[in-house]
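Participant: Next up is a structure, given as structure tokens.
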Amino acid sequence: MPLRRQTLETLYQVMVRIRRFDEKTVELFNAGQVKGTAHSYVGQEAVATGACAHLTKDDSVISNHRGHGHCIAKGARLDFMMAELMGREDGYCRGLGGSMHIAALDLNMLGANGIVAAGVPIGAGAALATKLRGTDRVVLSFFGDGGANQGVVHETMNLAAVWKLPFIFVCENNKYALSTDQSRTTAGEGVSARARAYGIPATRVDGNDVVAVYDAVGEAVARARRGEGPSCVEAVTYRWGGHSMRANLPDYRTKQEELEWMEKDPVARVEKRLMDLGASDVDLKKMRERVEGELDAAVAYGSESPEPTVEIMEAAVYSPHSRAAEPASRAGREQTFGEALNAALHGEMARDERVFLMGEDVGLIGGIFQVSKGLRDRFGEDRVRDTPISEPSFVGMGVGAAVAGMRPIVEIQIWDFIAMTMDQVVNQAAKIRYMLGGKATVPLVIRGPQGGGIRLAAQHSQSLEAWFCHVPGLVVVAPSTPYDAKGLLAAAIRDDNPVIFLEHKMLYPTKGEVPEGDYVIPLGKADIKRAGKDVTVVATQMMVQRALQVAGDLEKEGISVEVMSSPRWPRRIASSSSTRRSSAGASAPRSRRWSARRGSTCWTRPSSASARATCRCPTTTSSSSRPFPHATTSWPRSAPPFSRPLTLPSPPMGERGSIQKPLPSRARRRTGTLSPP
Ligand SMILES: Cc1ncc(C[n+]2csc(CCOP(=O)(O)OP(=O)(O)O)c2C)c(N)n1
Ligand SMILES: [Mg+2]
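Rendered as structure tokens:
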């Protein structure tokens, strides 16, 4: 059915807003007022406009780097947008996201993205959230022809189809990924044919015709609302400008091609249609003038807004941990570490309907280490989801579901596989809150078994904590006892930050007392596992057991060792320590362990001619809540010698001991992390 004049006028108005906004953005960028870079949407206005016309405020949009048009079509205010592009505090993301990460969470515009196609699984996660809540809301994801070649797009198509998610893939095929013509990178018939291969209804339309886009996406949205699953619309269009405003690239398109596409101007086509329906020049002019007024006000608003402060930036990195108290008594039933984790999952899923679990084999068989045993029977398949082997997409879906208000737990079957997902963990989960100006929370737990000891070789045995300890925005938790496992997992699930929760494989069968019922252990607090006065050993996971064993042996030699476990990575270890000497124990590779990489917190020096070593972490004096306090801590240059050397225990089960041997001086220089006093 042809569109009524009123509807077309509304679409026209949106298209003019997009066009003029981006024309103005070019001017402001050239004048140095728009920060970073920006990717102009001029030429593609019909796609965002026709697609978003079917969405209500409660439906969500996820975007890519070329996101201004998507944001405007979702109803965003131009003044907040302009302030954001100018890097100002009154911008949608308080100036911390800029053009490439612009979001309007109040409108469920979940954000643009600087990583090509990364938004696609995140959007699908938001769609999963709407499905789990049982609403008829839908999520629409924009991505480019270049993005269509990313693996996560394929993975997400598969999973969205398997799970029948209310999700619409909108591929804006503007023929180029940066400088590269699609014909040189894309096999087969393109993205719509690929979607059909996954059983997803797909269509290719003229993306410069707003009515064609409107009709195609309208069908897709209706289908998603009916609960019939995802659809794909490929809109063929063309960007008029260069790839980005900052990129000053040599020509890669012919002038003739550019002119041919400008002849197909999507805005002019709507004007013609409106005139055919009786609109006059004056009517159109009035609509355009309204946009000009809005734009002038937006530029003034952005220019007057202050730059964000350091306090705004710091507060945007982490959500505050909620206050929690440990149980008065640690007494309880004897349970294994694995059973304690399982109890925490049961408890939290019963307590909060937003909590759900997904991962490979977590449902039917309860996970390969049985940590999720019994959950599917108790909470159903919707909340305990077996996934395909596609870690990047289901971790990304965890991110999206968390941003959309759920509290997902994602299991990585063996922690080494986390390497598959690093973009979603490091660039997405960890950064979203910051880049959205501290307005978003990402209450996501990514957990799984790590560590060696059972000869699973180098792809199934790594201790990778140090990777994540160096990423602002992530919380890293690594329990060492069943008591800690239950309380810390509950705390991680209730936390509003993305939490990396590491379970050492060797600990699963270890036993200890675990209190009945739900309890939490506050994150960020170290725990004294054994009192001592001569030296403190700080350890995590398996190494706590080892340290306790060694402390027992040293007691017989008259050395009193305090053993401290650091359930969350040690920001303020020393303030909890009662001795002034400490050693750190971790089972990660020497040059990559958190203890050696915390900004030169450790050094080694030989204390005798034998294979003995001491390792000392000077006391952290900072109790600041700055995100990276160690970066500003200064260490004493001279330290009193230890009265007695510590003897290295022989490392059992192929693991390294907790106390470092001195490195040969060349190696020491090479790592750059262990400096002699
Ligand atoms: C993972 C990743 N690879 C490369 C880039 C650099 N880059 C940014 S946009 C872009 C082209 C994307 O093309 P397409 O998806 O078609 O979107 P378009 O720019 O055409 O709108 C490239 C290569 C990036 N940001 N992220
Ligand atoms: Mg493209």
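Mapping of the sequence shown onto my numbering: position 598 corresponds to residue 600, and the numbering continues sequentially without gaps. Heads up, the beta-carbon is just placed ideally off N, CA and C, and yes, glycines get one too.
Measuring only from the beta carbon, is A48 closer than 7 Å to any heavy atom that is part of ligand 4?
Facilitator: Ligand 4 is not part of the structure shown, which contains ligand 1 and ligand 2 as its ligands.
Participant: Using 10 angstroms around the beta-carbon of T311, count the other beta-carbons present and answer buried if the total reaches 16, otherwise exposed.
Facilitator: Here residue 311 refers to the residue found at position 309 of the sequence shown. Its Cβ having fewer than 16 others within 10 Å, T311 is exposed.
Participant: Below 7 Å CB to CB, which residues in the same chain sit around M16 once its five sequence neighbours on both sides are set aside?
Facilitator: Taking the first residue of the sequence shown as 1, we reach residue 16 at position 14. Position check: residue 16 holds Val in this sequence, whereas Met was assumed. For V16, where only same-chain residues beyond five positions count, the Cβ hits under 7 Å are T51, I74 and A75.
Participant: Taking the continuous beta strand (DSSP E) assigned at D504, which residues delimit it?
Facilitator: For the purposes of this step, residue 504 is taken as the residue at position 502 of the sequence shown. The sequence given here has Leu at residue 504, not Asp. L504 -> beta strand (DSSP E) spans V501 to H506.
Participant: For V284, does the count of other Cβ atoms within 10 angstroms reach 16, so buried, or fall short, so exposed?
Facilitator: To locate residue 284, count along the sequence shown from 1; it is residue 282. Exposed is the call here.
Participant: Looking only at DSSP bridge pairs, what is S42 linked to?
Facilitator: By one-based count along the sequence shown, residue 42 stands at place 40. Per DSSP, none; premise fails for S42.
Participant: Looking at the unbroken beta strand (DSSP E) that takes in L509, where does it start and where does it end?
Facilitator: As a working note, residue 509 is residue 507 in the sequence shown. Segment: none, L509 is in no beta strand (DSSP E) and carries neither H nor E.
Participant: Could you tell me the distance, in whole angstroms, from the CA atom of R292 to the CA atom of D298?
Facilitator: The sequence position of residue 292 within the sequence shown is 290, counting from 1. The sequence position of residue 298 within the sequence shown is 296, counting from 1. Rounded to the nearest angstrom, the two C-alpha atoms are 10 Å apart.
Participant: Taking the alpha carbon of H506 as the reference point, which residue from V539, K488, L10 and M544 has its own alpha carbon closest?
Facilitator: Position 504 of the sequence shown, counted from the first residue, corresponds to residue 506. Here the closest residue by C-alpha is M544.
Participant: According to DSSP, is T256 helix, strand or coil?
Facilitator: Here residue 256 refers to the residue found at position 254 of the sequence shown. Reduced to three states, the DSSP call for T256 is coil.
Participant: For the 8 Å Cβ check, are there 3 or more pairs between the stretch 199–214 and the stretch 235–242?
Facilitator: The stretch 199–214, when compared against the stretch 235–242, does touch it at the 8 Å Cβ threshold.
Participant: Under three-state DSSP, which class holds F371?
Facilitator: Taking the sequence shown and counting its residues from 1, the one referred to as residue 371 is at position 369. F371: coil per DSSP, three-state reduction.
Participant: In terms of residue numbering, what span does the alpha helix (DSSP H) encompassing V141 cover?
Facilitator: Residue numbering aside, residue 141 sits at position 139 when the sequence shown is read from its first letter. Careful: V141 lies outside any alpha helix (DSSP H), inside the beta strand (DSSP E) at V141 to G146.
Participant: To the nearest angstrom, report how far apart G244 and E260 are at their CA atoms.
Facilitator: Start at 1 with the first residue of the sequence shown, and residue 244 comes out as number 242. Start at 1 with the first residue of the sequence shown, and residue 260 comes out as number 258. Cα to Cα, the separation comes out at about 11 Å.
Participant: For the stretch 373–434, which segments carrying the beta strand (DSSP E) assignment without a break, of at least 3 residues, lie completely within its bounds, in sequence order?
Facilitator: Counting whole runs of 3 or more residues, the stretch 373–434 contains the beta strand (DSSP E) stretches 386–388 and 409–413.
Participant: Between the alpha carbons of A468 and A480, how many angstroms are there, rounded?
Facilitator: Taking the sequence shown and counting its residues from 1, one reaches residue 468 at position 466. Taking the sequence shown and counting its residues from 1, one reaches residue 480 at position 478. Going by the C-alpha atoms only, they are around 12 Å apart.
Participant: Taking the C-alpha atoms as reference points, what is the distance between E518 and V140?
Facilitator: Within the sequence shown, the letter at position 516 stands for residue 518. Within the sequence shown, the letter at position 138 stands for residue 140. Near 41 Å, if we compare the C-alpha coordinates of V140 and E518.
Participant: Taking only three categories from DSSP, how would you classify A105?
Facilitator: Within the sequence shown, numbered from 1, the residue matching residue 105 stands at position 103. Looking at A105 - three-state DSSP - the assignment turns out to be coil, as it is neither helix nor strand.
Participant: Under a Cβ-count criterion, where at least 16 other Cβ atoms within 10 Å of its own Cβ denotes burial, should Y94 be classed as buried or exposed?
Facilitator: The residue you call residue 94 lines up with position 92 of the sequence shown. Buried.
Participant: I want to check one thing, is the minimum distance from the CB of N176 to the heavy atoms of ligand 1 below 7 Å?
Facilitator: Position 174 of the sequence shown, counting from 1, holds the residue named residue 176. Flag set: Cβ of N176 near ligand 1.
Participant: Tell me whether L359 sits in a helix, a strand or coil according to DSSP, three-state version.
Facilitator: Here residue 359 corresponds to residue number 357 of the sequence shown, with the count starting at 1. The answer is strand: DSSP assigns L359 an E or B state.
Participant: Can you give me the Cβ contacts of D384 inside the same chain, cut-off strictly under 7 Å, excluding the 5 residues immediately before and after it?
Facilitator: For the purposes of this step, residue 384 is taken as the residue at position 382 of the sequence shown. For D384, where only same-chain residues beyond five positions count, the Cβ hits under 7 Å are L134.
Participant: Please indicate yes or no: does the CB of G149 lie closer than 7 Å to some heavy atom of ligand 1?
Facilitator: Here residue 149 corresponds to residue number 147 of the sequence shown, with the count starting at 1. Yes, Cβ of G149 sits closer than 7 Å to a heavy atom of ligand 1.
Participant: How about G100 and G149: do their beta carbons lie closer than 8 Å?
Facilitator: As a first step, residue 100 is located in the sequence shown; it is residue number 98 there, counting from the start. As a first step, residue 149 is located in the sequence shown; it is residue number 147 there, counting from the start. Not a contact, by the Cβ cut-off of 8 Å.
Participant: By Cβ distance, which residues of its chain are closer than 6 Å to E341, with the 5 residues on each side in sequence left out?
Facilitator: Residue numbering aside, residue 341 sits at position 339 when the sequence shown is read from its first letter. Within the same chain, E341 has no close Cβ partners at all.
Participant: Are three or more beta carbon pairs between the stretch 424–441 and the stretch 396–406 nearer than 8 Å?
Facilitator: In short, these stretches touch, since the Cβ pair count reaches three.
Participant: Would you say the beta carbon of G209 comes nearer than 7 Å to a heavy atom of ligand 2?
Facilitator: Translated into positions along the sequence shown, residue 209 becomes position 207. No, ligand 2 has no heavy atom inside 7 Å of this Cβ.
Participant: Kindly indicate which three-state DSSP category N176 falls into: helix, strand or coil?
Facilitator: Here residue 176 refers to the residue found at position 174 when the sequence shown is read from its first residue. Coil, per DSSP.
Participant: Measuring CB to CB, does D24 end up less than 8 Å from Y303?
Facilitator: What you label residue 24 is simply residue 22 of the sequence shown in a count that begins at 1. What you label residue 303 is simply residue 301 of the sequence shown in a count that begins at 1. Contact: no.
Participant: What first and last residue would you give for the alpha helix (DSSP H) that runs through R79?
Facilitator: Your numbering for residue 79 matches position 77 in the sequence shown. Here R79 belongs to no alpha helix (DSSP H), and DSSP marks it neither H nor E.
Participant: Assuming A105 and L112 make a contact with CB atoms under 8 Å, what is their CB distance in whole Å?
Facilitator: Stepping through the sequence shown from its first residue, residue 105 is reached at position 103. Stepping through the sequence shown from its first residue, residue 112 is reached at position 110. Right, their Cβ atoms sit about 6 Å apart.
Participant: Considering only C-alpha positions, which residue in the set V212, K433, G71 and T443 is nearest to P322?
Facilitator: The residue labelled residue 322 in the question sits at position 320 within the sequence shown. Among V212, K433, G71 and T443, the Cα nearest to that of P322 is on T443.
Participant: If the criterion is Cβ atoms closer than 8 Å, does the pair M437 and H103 meet it?
Facilitator: Position 435 of the sequence shown holds residue 437. Position 101 of the sequence shown holds residue 103. Yes, they are a contact pair.
Participant: Should N66 and A129 be called a contact, given that it needs their Cβ atoms to be closer than 8 Å?
Facilitator: Within the sequence shown, the letter at position 64 stands for residue 66. Within the sequence shown, the letter at position 127 stands for residue 129. No, Cβ-Cβ distance for N66 and A129 is not below 8 Å.
Participant: Kindly confirm or deny that the stretch 402–409 and the stretch 453–464 touch, where touching means at least three C-beta pairs closer than 8 Å.
Facilitator: Segments in contact, no.
Participant: Quick check on A533: buried or exposed, where buried means 16 or more other Cβ atoms within 10 Å of its Cβ?
Facilitator: Counting from one through the sequence shown, the residue named residue 533 turns up at place 531. The residue is exposed, with fewer than 16 neighbouring Cβ atoms inside 10 Å.
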